[in-house]
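Asks: Quick one: the structure is below, questions incoming.
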Amino acid sequence: MEMHTPARAKEALDIEQEYSSMLRTQSNARFLFKKHQTEEEMEALLETPEDIISPVLHNILMRRRTSSEIERAMAEYFEASTEAIEICRQLLRDIKNTQSNYKSMDNFLASITDSTASTSASAPTALKSFPVTSNPFCTKNRSNFGHIHDKYSSILQSIRSSHRRVAKKLKIVKAVKNLSRALLVVACGGAAAAAAIGAASHLLFLGFLIGAAAAGLLLPIALKKRIAAKATKGKRSSETMSSLLRLQEQLDTAAKGTYVLGQDLDTVSSLVARLSDGIDRENAMARCCEERSGERSSVMEMVNELRKSCSSSKRIADELEEHVCLFLATIYKARVLLIQEISKKS
Numbered sequence: 000m001e002m003h004t005p006a007r008a009k010e011a012l013d014i015e016q017e018y019s020s021m022l023r024t025q026s027n028a029r030f031l032f033k034k035h036q037t038e039e040e041m042e043a044l045l046e047t048p049e050d051i052i053s054p055v056l057h058n059i060l061m062r063r064r065t066s067s068e069i070e071r072a073m074a075e076y077f078e079a080s081t082e083a084i085e086i087c088r089q090l091l092r093d094i095k096n097t098q099s100n101y102k103s104m105d106n107f108l109a110s111i112t113d114s115t116a117s118t119s120a121s122a123p124t125a126l127k128s129f130p131v132t133s134n135p136f137c138t139k140n141r142s143n144f145g146h147i148h149d150k151y152s153s154i155l156q157s158i159r160s161s162h163r164r165v166a167k168k169l170k171i172v173k174a175v176k177n178l179s180r181a182l183l184v185v186a187c188g189g190a191a192a193a194a195a196i197g198a199a200s201h202l203l204f205l206g207f208l209i210g211a212a213a214a215g216l217l218l219p220i221a222l223k224k225r226i227a228a229k230a231t232k233g234k235r236s237s238e239t240m241s242s243l244l245r246l247q248e249q250l251d252t253a254a255k256g257t258y259v260l261g262q263d264l265d266t267v268s269s270l271v272a273r274l275s276d277g278i279d280r281e282n283a284m285a286r287c288c289e290e291r292s293g294e295r296s297s298v299m300e301m302v303n304e305l306r307k308s309c310s311s312s313k314r315i316a317d318e319l320e321e322h323v324c325l326f327l328a329t330i331y332k333a334r335v336l337l338i339q340e341i342s343k344k345s
């Protein structure tokens with residue numbers, strides 16, 4: 000499922016360009032270094048403390064100025080990113096196990112080659128105990144990627160829809176504010192005209208001096224009240240505009256993070272599928288070797304093919320590990336950026 004339509008190609012490109020530089024920052028470089036450390040150290044590095052996220056979510060849900068759809072989209076954003084983190088952590092465990100299996104397999108294949116050089120009967124015997132490994136990247140686990148991808152797509156559509164509504168409200172508020180300013184100018188002009196009329200009346204009708212003076216006092220007072228009322232209304236309009244602008248910035252940040260995470264998820268999912276296919280292929284080749292244990296030439300040819308296949312799969316596993324680490328770093332960065340945006344003071 001595509002994360003954006005052709006009509007939004009420019010918008011998607013802008014988002015990708017803005018976030019591409021973030022993937023290779025110093026903090027992410029430190030994260031990639033950490034991938035060689037223990038699992039506990041990696042999880043401690045990646046964890047966004049719940050004592051930070053929970054108050055933020057509570058703050059969103061308690062704000063009545065935002066619609067329920069925006070509240071739900073924001074909450075689902077954090078929920079989906081948390082689910083993606085758990086999937087990636089499990090992936091890293093599976094990758095470590097797979098890399099360990101390939102190291103054992105390399106040693107095993109090397110021992111077969113050495114034994115074959117000394118005696119022709121040793122290879123078939125050794126191949127009967129070939130370590131057929133389980134595939135941790137099975138179809139069931141890979142379906143999790145489809146689920147989280149669909150969730151990200153849905154969230155992105157919801158955020159964009161909310162963004163459009165906020166933009167429309169901003170246009171209305173700006174139009175009302177401009178109209179208020181125009182009316183204020185007219186009111187000020189009316190006050191000046193009233194003062195001029197009062198002065199003319201004073202010169203032309205000296206006999207009505209007291210009445211003219213009273214009118215000259217009453218008109219400015221009424222106009223001042225109108226101006227003060229419009230000023231108060233203008234202040235409320237400014238506060239509404241400020242609130243809508245902040246909400247728009249929050250939605251922008253969430254949309255950018257959701258888009259990039261969806262793209263990274265596609266890359267990780269593709270690599271997982273390739274590695275899974277490689278493991279299945281190598282297990283099938285191992286079973287074929289067992290079935291042809293009496294055919295030395297066929298067995299040795301299969302061993303060579305296995306070695307090539309394992310070498311290719313190891314490269315894919317290393318590439319997958321790097322992409323998963325980058326994906327996790329991107330999730331963490333996107334969550335922090337959104338938390339910072341939401342936590343800004345009015």
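Just so you know, we're using numbering that gives the first Met the number 0 here: the sequence shown kicks off at 0 and counts up by one.
Just so you know, even glycine gets a beta-carbon here, dropped at the ideal spot from N, CA and C.
#1: Rounded to a whole number of angstroms, what is the C-alpha to C-alpha distance between H322 and I171?
#2: Please classify D263 as buried or exposed, where buried requires at least 16 other C-beta atoms within 10 Å of its C-beta.
#3: Compare the C-alpha of F136 against each of A74, I69, V271 and name the closest.
#4: Taking 8 Å as the cut-off, does the region 303 to 318 touch the region 238 to 256 (at least 3 CB pairs, one atom from each stretch)?
#5: Measuring alpha carbon to alpha carbon, tell me which residue in K102, D149, L319, V165 is nearest S275.
#6: Would you kindly check if the distance between the Cβ of L337 and the Cβ of G256 is under 8 Å?
#7: Alpha carbon to alpha carbon, what distance is there between L305 and M284?
#8: Return helix, strand or coil for C309, following the three-state DSSP convention.
#9: Measuring CA to CA, which of Y258, I69, S103 is closest to A333?
#10: Is the number of C-beta pairs between the region 79 to 97 and the region 159 to 173 that are closer than 8 Å three or more?
#11: Quick check on K92: buried or exposed, where buried means 16 or more other Cβ atoms within 10 Å of its Cβ?
#12: DSSP state of C288, grouped into three classes?
#13: Kindly indicate which three-state DSSP category N134 falls into: helix, strand or coil?
#14: Please name the residue in K102, I154, N100 whose C-alpha comes closest to that of L250.
#15: Quick one: grab the DSSP three-state call for S157.
Replies: Reading it off the structure:
#1: 44 Å
#2: buried
#3: V271
#4: no
#5: L319
#6: yes
#7: 7 Å
#8: helix
#9: Y258
#10: no
#11: Position check: residue 92 holds Arg in this sequence, whereas Lys was assumed. Its Cβ having fewer than 16 others within 10 Å, R92 is exposed.
#12: helix
#13: coil
#14: I154
#15: helix
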